[in-house]
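A.B. asks: Following this message is one structure expressed as structure tokens.
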Amino acid sequence: MTTPLLISDSNILIDFDCCGLLSKVFKLPYVFAVPDVLYIEELSEQHAGLPALGLRVLQFGPDVTLDIAQLRRRYPGSGFMDVMALALARSLGAELLTGDKRLREIARAERHDVKGSVWLLEEMVSHRLLTEDAAHGALEAMRESGRRLPWAKARKVIEQHR
């Protein structure tokens, strides 16, 4: 059985870095990857250790570049880095991980599977990498750091594991 591939934007990784759980993310039974341009532009300076933790940095070809251009035309105002992650996920048949509300809406409109930080926290609890209390603590740390999550939904999801 192949390990599922998840293409992430930078928001998700920053969410988990701010609460000290970034290394635990890579203990989940998934392969996490980002587009190379996104890594270089948004992550490499402050998060240079991500590849050592297990993050894959993937290059993409002209087919993804074309998809990025088409997505940006269909969704004016969408960010290049955001739709890049979606285009790469689509090209690889991978799920998209994003903490960006607009990108989630675009992915859903494009009928592409998308998950977020709340799902990832739930996975960490389900795989016993985190207790429910630690998950609540992580949510509080994210909130205090100014991260934007659907807070009520997040608490409800974590409470279901008690």
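Oh and the sequence shown: position 146 is 129 in the working numbering, straight run, nothing missing. Note that the Cβ used here is the ideal one computed from N, Cα and C, for glycine as well. These numbers come from a predicted model, not from an experiment.
1. Is it the case that the stretch 98 to 106 contacts the stretch 76 to 90, given that we only count it when at least three CB pairs across the two stretches are under 8 Å?
2. Can you check whether the CB of alanine 16 is closer than 8 Å to the CB of leucine -4?
3. Which residues mark the beginning and the end of the beta strand (DSSP E) in which isoleucine -10 is found?
4. How many angstroms separate the CA atom of cysteine 2 from the CA atom of leucine 71?
5. Hey, out of Lys10, Lys84, Glu24, whose CA is closest to valine 108's CA?
6. Taking C-beta to C-beta, are leucine 69 and alanine 90 nearer than 8 Å?
7. My understanding is that valine 14 touches methionine 67, with C-beta atoms under 8 Å, so please give their C-beta distance in whole angstroms.
8. Please list, in chain order, all residues of the same chain as leucine 86 whose beta carbon is under 6 Å from its beta carbon, the five residues on each side excluded.
9. Could you give the DSSP three-state label for alanine 77: helix, strand or coil?
10. Within 10 Å of its beta-carbon, does arginine 56 have 16 or more other beta-carbons around it, so buried, or fewer, so exposed?
11. Specify the secondary structure class of proline 59 as computed by DSSP and reduced to three states.
12. If you draw a straight line from the C-alpha of arginine 39 to the C-alpha of alanine 117, how long is it?
13. Under a Cβ-count criterion, where at least 16 other Cβ atoms within 10 Å of its own Cβ denotes burial, should phenylalanine -1 be classed as buried or exposed?
C.D. replies: Here's the rundown:
1. By the Cβ rule, the stretch 76 to 90 counts as touching the stretch 98 to 106, because three or more pairs are nearer than 8 Å.
2. Taking 8 Å as the cut-off, the Cβ atoms of leucine -4 and alanine 16 do not count as close.
3. -12 to -9 is the span of the beta strand (DSSP E), which, as asked, contains isoleucine -10.
4. Counting only the Cα atoms, leucine 71 lies some 27 Å from cysteine 2.
5. Nearest C-alpha to valine 108: Lys10.
6. Against a cut-off of 8 Å, the Cβ pair of alanine 90 and leucine 69 comes out as a contact.
7. Not a contact, Cβ separation roughly 18 Å.
8. Taken in chain order, the residues that qualify are Asp65.
9. If DSSP states are grouped into helix, strand and coil, alanine 77 belongs with coil.
10. Answer is exposed; the Cβ neighbour count stays below 16.
11. Coil at proline 59, not helix or strand.
12. Their Cα atoms are separated by approximately 27 Å.
13. With at least 16 other beta carbons inside 10 angstroms of its own, phenylalanine -1 counts as buried.
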